[in-house]
Structures are given as structure tokens and as C-alpha cells.
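Which chain is which? The protein sequence lines are A and B, in order.
Numbering-wise, my numbering puts 110 at position 110 of the first sequence, and it's gapless, one number per residue.
Numbering-wise, my numbering puts 391 at position 391 of the second sequence, and it's gapless, one number per residue.
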Amino acid sequence: MRQNIIVLVEDSPADARVVTRAIDKLGDPSLIVMHFDTAEAAIEYCEKDAKWTSNQRQIVLMDLNLPGADGLTCLRHFKSSPRLRHIPVIVWTTSDQPRDIQRSYERGANSFVTKPMGLKAVSEMVRDLCHYWFERTTLA
Amino acid sequence: MQSIVEYLFGAASFMPHGYCLLWRPDLVALHAVSDALIFLAYASIPAALVVLVRKRPEIEHRTTVVLFAAFILACGLTHLVAVFTLWQPMYGLQGLVKAATAIISLLTAIAIWPLLPKLLKIPSPRALQVLNRDLENVNNELKHEIEEHEVTLAELRAMRRELEVRVEERTRELNVAYRDLERVNEDLSTFVHVASHDLKEPLRGIRHYAEIVADDHAETLTEQGKKDLNGIIRLADRLSDLINSLRDYSRAGNTDETLEDVDLNGVLKEAVDNLHSLIVDSGLQIDVPQRLPVIHCARAHALALMQNLISNAATHSNENPRVRIEAEDGGAGMVRIVVSDNGPGIPENLNEDIFKMFRRVAGPAKSPTGDRSEEIAERTTGMGLAIVKRIVERYNGSIKLLPSTGGGASFELMLRAI
Ligand SMILES: [Mg+2]
Chain A
1 MRQNIIVLVE
11 DSPADARVVT
21 RAIDKLGDPS
31 LIVMHFDTAE
41 AAIEYCEKDA
51 KWTSNQRQIV
61 LMDLNLPGAD
71 GLTCLRHFKS
81 SPRLRHIPVI
91 VWTTSDQPRD
101 IQRSYERGAN
111 SFVTKPMGLK
121 AVSEMVRDLC
131 HYWFERTTLA
Chain B
1 MQSIVEYLFG
11 AASFMPHGYC
21 LLWRPDLVAL
31 HAVSDALIFL
41 AYASIPAALV
51 VLVRKRPEIE
61 HRTTVVLFAA
71 FILACGLTHL
81 VAVFTLWQPM
91 YGLQGLVKAA
101 TAIISLLTAI
111 AIWPLLPKLL
121 KIPSPRALQV
131 LNRDLENVNN
141 ELKHEIEEHE
151 VTLAELRAMR
161 RELEVRVEER
171 TRELNVAYRD
181 LERVNEDLST
191 FVHVASHDLK
201 EPLRGIRHYA
211 EIVADDHAET
221 LTEQGKKDLN
231 GIIRLADRLS
241 DLINSLRDYS
251 RAGNTDETLE
261 DVDLNGVLKE
271 AVDNLHSLIV
281 DSGLQIDVPQ
291 RLPVIHCARA
301 HALALMQNLI
311 SNAATHSNEN
321 PRVRIEAEDG
331 GAGMVRIVVS
341 DNGPGIPENL
351 NEDIFKMFRR
361 VAGPAKSPTG
371 DRSEEIAERT
381 TGMGLAIVKR
391 IVERYNGSIK
401 LLPSTGGGAS
411 FELMLRAI
């Protein structure tokens, strides 16, 4: 069976909870959330531990403001790693600063999303993202 | 030849002059010595004149002086010849010398008369002395004046140097103050950016947890419990709005954004899109009788300006809120934009306060729909007009409340045209 993996890099427990809950509420058994609260942990896992098979596809949903290595650093790592650079990285952050948007895309972000306020808005955003990346597009 | 010599020196035919004196030794000696001394004197005078003319090139009428010298010398020669004629009868030569003397004397006599008026005009040394003294006095006065001027000039130069130093100092101080101000501004906007970011994250958490509880425990919660959770959510939203408006206020003063020609008609459309839910909820009607102008500013500022003016009208108006946006030439390169609503208006005594931060004027009287208008009024942060004012002033424009003409509030904005 096909598995759609969402690598969630998010240090805020509340935001992680909302995203995880929204995906659970979608009731789609193919959706799997792997949550890391630092960029380092996410990179460590994706580079070394993950044993991804051909029936698994991944997207990364990444916060910019992280303790330790920040989102932009993590983004640069993902986009320069031969093993990971095919994976779409969606930056999601509270920021709507033009500078952050510019820098994210310059470092290879595949989308830039400002975190919405409200459970409903977050749920809709998560639903739309999953739908777009796993249903509408073809991933490598 | 023989006869010319004879004529000149007459050796044979005449007697020397001494005979006339009967060779009396005293008389002969008197004549001889006197004539010889006269000759010496008459020879020395022209020599002196020649030296004088040579050494003083400025002396005028030089020819006359030379003529005078020749005349005296000729007279001297007649006396010399007279010495010789005492013993030798050279009367021919003596006659020729006298004739030459006569000619030179005549020439001199002729030359001297026309010269006389000119010579008379030459001031006497005494007069020259007086003149000289006068000149010296004038000269001294001039010197004195020049000295005074030099002193004044030096004083002026010193003053100028002092002024230059002072201007430099003041410029330095201003530069330092300006840099300080810029740094403070930068610090403030960085602070507001970071603070709004860091404050909003836990705030999102509070709201989302409250929503999760309300959602997941909908069956077990009492009505009061649900209401209370709703209260938390609403307060979180309100706090979020306040944080956003603080951030917007900080951005309103930004000077590092790119300036462009911004068509306010497009900006109005975008503002209406962004405020869609507020406009629908409040039922706000927007009238724009003529096309709006193009202004030169940062697009984000134009958008914030329009959004805040519209939401101000939407949140402060009555049952059927309306806002009218009119623009006209304001003269002196400005455009005048008047934004009027049909709300309760603003009391005269508050017209300064409304542009201050976090100032909210009492909302409209409670309407029959009650909750809804209260909810809309709660969406205002009291920052809207402060943000508008900050943007307008950022571009050296102005905003003021126009005197009320029967209900509603009218704001006049003066903005620089492109
Ligand atoms: Mg974060």
C-alpha cells in the first residue's frame, strides 16, 4: 500500500499538535506524520535512519523559526543533499515578511505558506497541501 | 690761406690790446686775471649744467638748458680770447667768437621767452612742500583707513572661521542625532517584528488548544464551558489583531521600501478583497464617484492606508454603513482625498485624540442586531487612524478631520501626487 509521509519540522508543540490533529481528522490511512522539533533531528533521520521504499513518497513541512539550526539552514541542507533534494519542502511560518519569502524561495523552497490562525484555517491548509502534493502532482 | 691766418690772428698789421693799456702792468694783470677767472667760471657753469641734465633725466626743456650751457660757454670763450688779445692782436678770431656768442645768445634769448610761462607754472619748492605735506596727510589718512579695513577684514575672517566651525559642529551633532534616530527606528522596527512574531506563536497555541478542547469535548462541555472557551478564542483573536496593528504601525514608518507610482483604484480593489469578510459582515457600501488618482509611494503603504480607512468606516458606522471616497486636485502638487462615512461622527473635543495609538471612540448605539455590531466593533484596535496618519506623514502629507456637516465623519488627506 502507498504511504504519503509528511516530515513535520516544528518546534512549537501547539502547532505540531494542530497539524497532526488536522491530518488525523482527514481519516486517510496513507498519510503518515513524522514530527521533529529541531532541524538537526529531521536531517539526521532523513539522511541516515529513513529506509524509504518505492511505495513511499515524502514532503517536508518546515517552520522557519527553530532552535539551533533555523529553517533556512535546514532548507539549504535538504536542497544540496543528493539523497534529499528531490523532496518538496514547504516552508510554513508565522512570518509574512517579504525578506523571509524571498530567501526561502532563493534557497529552493517549493512553497511558502503563512501559518493561518484558527483550527479550521489550519485544517483547510493541511488538507489542501496534502491534496496538492500527493494527489495532484507526481512526486519523484 | 696766408690772408685768412692774418685776418684771424692779424700778427703784423695790428697792435695787441696791451698797447691801449700802455702796458701798465697793474692794468694788464687786472684784465688778464679777471678775464681768465671769468672764463674759468663760465666754463664750469655749463659743465655743471651738463652733469645736471645727464643725472636728472626727468628735467624738462633739456634743449633750452643745453642752449643755455652753450651760451655761457661762448661768453666764457670771448673772455678767454680777450686774455690773448692783450698780447696778440687776434681781433679777427675775437670777432668771430663774439659773433658766435651773439648767435647763441640770441637763440637762447628767443628760446627763453616762450618757455617763461611754463617755467612760471612750475610750483615753487615751498608750494611743493605744502602740497607734499597735504599729500602726506591724505596718504596717512588712507593708510589709517586701510589699517582699519584690515582689522575689520581680519575680524570678519575670524568670525567666518568661527561660524564655519560652529556649522561643522552643528552638522556633526545633527548627523549623530540622525544616526541615533535611525538606529532607534531600526531597533524599534526590529523589536516590533521579533516581538510580534514571538508573541503570536504562543497566542496561536492558546487559541488552537481552546478550539481543540471545544471541538473534541463538545458533548461533555456545559453551555457555560463552551461560552468561556469561546471567550478565550475571541480574546486571542483580539490580541492577535492588536499585535498585527502594532506591526502595521511600525511598518507604516518604514523608509526602506521601494517607491513606485501606485494607482489607488487597483489598491482599493485589493483592499476590498482583503477586507471581504468585514465588508460582508458589516454590509458596508463603498461609493467612489470618480476614478482615484495615482500617487507615488510604497505599494504596501497605499494598501495599508486604504484598508485602515475602509475598516475604520465599517467598524464605526450605523446599520447601513456607507463610505464615500472622493479625490481632487489639492494644488501645489498634492491630491486631496476625502473619506466620509455615515457613522455617528466624532465629537469636536476628540478630533486630536483619534489619531493617537490605541484610541477608540465609543461605537455606534446598540443596534437591534446587537451581538453582530458589537462583534464588529470589537475588531477595531484603535490603531487604524494612527497608522493612516503615520503613513501620510511618512510622505510629508497630512490628515485631518473635517468639521462635521450633518452626521458622519469626514477625513481629508493631502498626499503628494506623482
Ligand atoms: Mg517556531
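Note that the Cβ used here is the ideal one computed from N, Cα and C, for glycine as well.
Residue i: CB within 7 Å of a non-hydrogen atom of ligand 1
i: E40/A; result: no
i: D145/A; result: Given that chain A is displayed from residue 1 to residue 140, the structure contains no residue 145/A and the question cannot be resolved.
i: L66/A; result: yes
i: S95/A; result: no
i: D11/A; result: yes
i: D287/B; result: no
i: E201/B; result: yes
i: D37/A; result: no
Local conformation of residue i per DSSP, three classes
i: T381/B; result: coil
i: L84/A; result: coil
i: A109/A; result: coil
i: W113/B; result: helix
i: L141/A; result: For residue 141/A there is no data in the structure shown, the boundaries of chain A being 1 and 140.
i: I279/B; result: helix
i: H35/A; result: strand
i: G331/B; result: strand
i: M306/B; result: helix
i: D187/B; result: helix
i: P368/B; result: Note that P368/B has pLDDT 45, beneath the 50 cutoff, so the model's placement of it is unreliable and the number below is only indicative. Coil.
i: S13/B; result: coil
i: N175/B; result: helix
i: R136/A; result: helix
i: M62/A; result: strand
i: V294/B; result: strand
i: K356/B; result: coil
i: I346/B; result: coil
i: V151/B; result: helix
i: M414/B; result: strand
i: I90/A; result: strand
Sequence-distant residues of the same chain with beta carbon closer than 6 Å to residue i, five excluded per side
i: P368/B; result: Annotation note: pLDDT 45 at P368/B (below 50); position unreliable, coordinate value reported separately. Here the set comprises nothing.
i: L402/B; result: S410, E412
i: R207/B; result: I233, A236
i: S240/B; result: L203
i: I337/B; result: A327, L413
i: P364/B; result: Reliability of the predicted coordinates at P364/B is poor, the pLDDT of 47 falling under 50, and no value is obtained from them.
i: L139/A; result: R57
8 Å Cβ cutoff, residue i in contact with chain B
i: A22/A; result: no
i: N192/A; result: Because chain A in this structure spans residues 1 to 140, residue 192/A falls outside the shown range and cannot be described.
i: V18/A; result: yes
i: G118/A; result: yes
i: S12/A; result: yes
i: D70/A; result: no
i: T94/A; result: yes
i: G128/A; result: The sequence shown places Asp at residue 128/A, not Gly. Judged by the 8 Å Cβ criterion, D128/A is not in contact with chain B.
i: K48/A; result: no
i: D15/A; result: yes
i: N65/A; result: yes
i: N51/A; result: A small fix is needed here, since residue 51/A is Lys in this sequence, not Asn. Closer than 8 Å: no.
Proximity test, Cβ basis, 8 Å: residue i and chain A
i: S240/B; result: yes
i: S217/B; result: The residue you asked about is not Ser; residue 217/B is His in the sequence shown. With 8 Å as the cut-off, H217/B does not count as an interface residue toward chain A.
i: K200/B; result: yes
i: I212/B; result: yes
i: Y249/B; result: no
i: G205/B; result: yes
i: Y395/B; result: no
i: H301/B; result: no
i: H208/B; result: yes
i: H276/B; result: no
8 Å Cβ shell around residue i - same chain, five flanking residues per side excluded
i: M34/A; result: I5, I6, V7, L8, Y45
i: N274/B; result: L303, Q307
i: M334/B; result: G397, M414, L415, R416, A417
i: G370/B; result: Residue confidence for G370/B is low, a pLDDT of 48 falling below 50, so the modelled location carries little weight and cannot support an answer.
i: P321/B; result: S282, G283, L284, Q285, A313, A314, D341, N342, G343
i: K226/B; result: A214, A218
Residue i CB to nearest heavy atom of ligand 3 below 7 Å
i: D63/A; result: Questions concerning ligand 3 fall outside what the structure shown contains, since the ligands it does hold are ligand 1.
Supposed contact pair residue j and residue i - C-beta distance, whole angstroms, cut 8 Å
i: V323/B; j: I286/B; result: 5 Å
i: V83/B; j: A32/B; result: 5 Å
i: L61/A; j: S95/A; result: 15 Å between Cβ atoms; not a contact.
i: R107/A; j: L72/A; result: 6 Å
i: A74/B; j: T101/B; result: 4 Å
Nonlocal neighbours in the same chain, by C-beta distance under 7 Å from residue i, ignoring five residues either side
i: I418/B; result: D261, V294, I295, H296
i: L107/B; result: L67
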